Each structure stands twice: as C-alpha cells, then as structure tokens.
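Enquirer: Just dropping this structure here.
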Amino acid sequence: MEVQVISISSAEALNLLKASLVTCSALSSAFRSLLVKEDRSNPISKRLKIET
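Numbers 23 to 74, taken from our numbering, label the letters of the sequence shown in order.
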C-alpha cells in the first residue's frame, strides 16, 4: 500500500463533494493521475493489444 498526500482548496473540496453526489466515479476521475502509474517511455499505442 502506498500513501500519497494531496492539498486541495475548500472550493475544490466542495466541488468534489458535489460531483460525488451525482456520479459514482467522481473520486476515481479526480485522482486518476495518482492511481495510474504510466510508463512514459512506452506510448499507449504500443501498450494496447489489438486482437483481430
């Protein structure tokens, strides 16, 4: 488990709270960049597996 600390303003926190009341993905969307560890040296086109 990895712990990350973020800082957001009161206005941002309120907007996030409002969004979380209307969608179940508000938190996931807001913090996606912290959750996904991308390999920047490997473009997405090379990571996708295309099945035919």
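For glycine and all other residues, C-beta sits at the position ideal for the given N, C-alpha and C. These numbers were taken from a predicted model, which means no experiment stands behind them.
1) Taking 8 angstroms as the limit between beta carbons, can you name the residues of its chain near Ala52, skipping five residues before and five after?
2) Taking only the alpha-carbon atoms, compute the straight-line gap between Glu34 and Ser47 and give it to the nearest angstrom.
3) From Leu49 to Ser32, what distance separates their C-alpha atoms?
Expert: According to the structure data:
1) In the sequence shown, residue 52 corresponds to position 30, counting from 1. Sequence-distant Cβ neighbours of Ala52 in its own chain, meaning closer than 8 angstroms and more than five residues away, are Leu38 and Ala41.
2) Position 12 of the sequence shown, counting from 1, holds the residue named residue 34. Position 25 of the sequence shown, counting from 1, holds the residue named residue 47. In a straight line, the C-alpha of Glu34 is about 16 angstroms away from that of Ser47.
3) Stepping through the sequence shown from its first residue, residue 49 is reached at position 27. Stepping through the sequence shown from its first residue, residue 32 is reached at position 10. Distance from the CA atom of Leu49 to the CA atom of Ser32, rounded to whole angstroms, is 16 angstroms.
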